[in-house]
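Here the working numbering is used: the first residue of the sequence shown is 2, the next is one more, and so on. Built from N, CA and C at the ideal position, the CB exists for glycine as well. Here the structure is laid out as structure tokens; the discussion comes afterwards.
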Amino acid sequence: MVKKIVEITEEQKKIAEAQIKAQQKETKYDLRDFTIDYIIKQFQDGLFFIPEYQRKFIWPEKHRIDFIESILLGLPIPMMFVADLDDGRLEIVDGAQRIQTLEQFCNNDLTLKKPKILDSLAGFKYKNLSISQKRKFDTKALRLVVLEDSTSVERRQEIFHRINTSSVKARDSEIRRGDFNSPFMKFIIKCSSNELFKKLCPASEATIKRREREELVLRFFAYSNSYKTFKHDVGKFLDSYLVQNKEDFDHDVMFTEFTRTMNFVSKHFPSGFAKTKNAKTTPRVRFEAIAIGVNLALRENKYLVPKSMDWLDSEGFINQTTTHASNSGPKLKGRVEFVRDQLLKE
Numbered sequence: 002m003v004k005k006i007v008e009i010t011e012e013q014k015k016i017a018e019a020q021i022k023a024q025q026k027e028t029k030y031d032l033r034d035f036t037i038d039y040i041i042k043q044f045q046d047g048l049f050f051i052p053e054y055q056r057k058f059i060w061p062e063k064h065r066i067d068f069i070e071s072i073l074l075g076l077p078i079p080m081m082f083v084a085d086l087d088d089g090r091l092e093i094v095d096g097a098q099r100i101q102t103l104e105q106f107c108n109n110d111l112t113l114k115k116p117k118i119l120d121s122l123a124g125f126k127y128k129n130l131s132i133s134q135k136r137k138f139d140t141k142a143l144r145l146v147v148l149e150d151s152t153s154v155e156r157r158q159e160i161f162h163r164i165n166t167s168s169v170k171a172r173d174s175e176i177r178r179g180d181f182n183s184p185f186m187k188f189i190i191k192c193s194s195n196e197l198f199k200k201l202c203p204a205s206e207a208t209i210k211r212r213e214r215e216e217l218v219l220r221f222f223a224y225s226n227s228y229k230t231f232k233h234d235v236g237k238f239l240d241s242y243l244v245q246n247k248e249d250f251d252h253d254v255m256f257t258e259f260t261r262t263m264n265f266v267s268k269h270f271p272s273g274f275a276k277t278k279n280a281k282t283t284p285r286v287r288f289e290a291i292a293i294g295v296n297l298a299l300r301e302n303k304y305l306v307p308k309s310m311d312w313l314d315s316e317g318f319i320n321q322t323t324t325h326a327s328n329s330g331p332k333l334k335g336r337v338e339f340v341r342d343q344l345l346k347e
């Protein structure tokens, strides 16, 4: 069926032009730079205030520490938005989390536990900084977008909503690719490009762009070698494994295990790592169970030929590969050892 082309009339164009101009008048702003000590003082005095539609102070401690560390490192800080009201006060449209974190730190109510880069500051509070660093921190200028007082409450709420919902949070696998540009990360990328692996691990275009295959390969190596030490935080566990192996790893042994596992799965698992032959995606817990389980079994018997694969449809395997408690150490151990033991059965 041929899709009908809708022609836009001149009258429609005029109406659209008028609406755009009218809406543009709703939002007028200028840019101002305020020092951190000024922002905190005015927040405490009520010149800067948080409106009712804003969320409460919900940043976890790690986010707060990262933000303070970014300032100390001199990294660029995203602009905050405030609205100039008739009474002279400035309503915080976006930036409440950052301003409250600044106040908390300067009041010595935030301790820098395990900063990511400035590890020498572990355990520091604001009062522990040198005089020169306190001065630099206090006089650091942050840029604010100041909406004119003609901006309606509805428009301010719309700006807040769009800022906080329009962005897509980066996946851990995307962040790692940028953070760990090491020989080991390049090895992970190389393995994720393996044609047999890609065939056995169907993935949507969206997840491929977001480095899902690299995430699965990293899990293969990290869990194969250290699954017994995993507890519950996948991100920290994988980051730690990347750091430990970034320069010093046995390329030949690891690549041999990876390709041997892919060949075994291709030969004995009809649907590869997916649930069905025509599946478009690969569940992580299923991949983990099969990939690591197979690798563990092949470490015990590299000439392994399973007597039966009927257990793939068993209730036991299905229970082991549901997403419930997928980040639990005992669950991970249970599913990889279940597959290992089924393959090694006499």
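So for residue i, helix, strand or coil by DSSP?
{"i": "residue 283", "result": "coil"}
{"i": "residue 248", "result": "coil"}
{"i": "residue 10", "result": "coil"}
{"i": "residue 32", "result": "strand"}
{"i": "residue 74", "result": "helix"}
{"i": "residue 326", "result": "With a pLDDT of only 49 at residue 326, under the threshold of 50, the placement of this residue in the model should not be trusted; the figure read from the coordinates follows. If DSSP states are grouped into helix, strand and coil, residue 326 belongs with coil."}
{"i": "residue 234", "result": "coil"}
{"i": "residue 239", "result": "helix"}
{"i": "residue 263", "result": "helix"}
{"i": "residue 304", "result": "coil"}
{"i": "residue 312", "result": "helix"}
{"i": "residue 1", "result": "The shown model of the chain, from 2 to 347, leaves out residue 1, and the question about it has no answer."}
{"i": "residue 222", "result": "helix"}
Who are the near neighbours of residue i in its chain, counting only those whose CB is closer than 8 angstroms to its CB and skipping five residues on each side?
{"i": "residue 250", "result": "184, 185, 188"}
{"i": "residue 269", "result": "307, 310"}
What separation, rounded to the nearest whole angstrom, lies between the Cα atoms of residue i and residue j?
{"i": "residue 348", "j": "residue 120", "result": "Missing from the structure shown is residue 348; the chain here goes from 2 to 347 and no further."}
{"i": "residue 103", "j": "residue 140", "result": "12 angstroms"}
{"i": "residue 129", "j": "residue 123", "result": "11 angstroms"}
{"i": "residue 36", "j": "residue 143", "result": "6 angstroms"}
{"i": "residue 284", "j": "residue 256", "result": "23 angstroms"}
{"i": "residue 72", "j": "residue 233", "result": "30 angstroms"}
{"i": "residue 111", "j": "residue 61", "result": "11 angstroms"}
{"i": "residue 220", "j": "residue 105", "result": "37 angstroms"}
{"i": "residue 96", "j": "residue 75", "result": "18 angstroms"}
{"i": "residue 260", "j": "residue 118", "result": "36 angstroms"}
{"i": "residue 40", "j": "residue 68", "result": "16 angstroms"}
{"i": "residue 228", "j": "residue 330", "result": "8 angstroms"}
{"i": "residue 21", "j": "residue 6", "result": "24 angstroms"}
{"i": "residue 50", "j": "residue 204", "result": "46 angstroms"}
{"i": "residue 115", "j": "residue 109", "result": "16 angstroms"}
{"i": "residue 17", "j": "residue 87", "result": "31 angstroms"}
Apart from the five residues just before and just after residue i, which ones in its own chain have a Cβ nearer than 6 angstroms to its Cβ?
{"i": "residue 271", "result": "none"}
{"i": "residue 52", "result": "92"}
Residue i: which of the options sits nearest, CA to CA?
{"i": "residue 148", "options": "80, 15, 76, 276", "result": "80"}
{"i": "residue 65", "options": "248, 297, 221, 107", "result": "107"}
{"i": "residue 274", "options": "265, 291, 264", "result": "291"}
{"i": "residue 156", "options": "109, 114, 226, 82", "result": "82"}
{"i": "residue 211", "options": "117, 190, 23, 244", "result": "190"}
{"i": "residue 223", "options": "240, 209, 42", "result": "240"}
{"i": "residue 30", "options": "343, 85, 100, 316", "result": "85"}
Have a look at the DSSP bridge pairing and note the partners of residue i.
{"i": "residue 215", "result": "DSSP output for residue 215 lists no bridge partner at all."}
{"i": "residue 83", "result": "93, 147"}
{"i": "residue 50", "result": "92"}
{"i": "residue 142", "result": "36"}
{"i": "residue 113", "result": "125"}
CB-CB under 7 angstroms to residue i, same chain, minus the five flanking residues each way: which ones, in chain order?
{"i": "residue 340", "result": "290, 291, 294, 295"}
{"i": "residue 202", "result": "214, 217, 273, 274, 283, 288"}
{"i": "residue 321", "result": "290, 335, 336, 339"}
{"i": "residue 252", "result": "188"}
Any beta carbon of chain B sitting closer than 8 angstroms to that of residue i?
{"i": "residue 98", "result": "Absent from the structure: chain B. Only one protein chain is present."}
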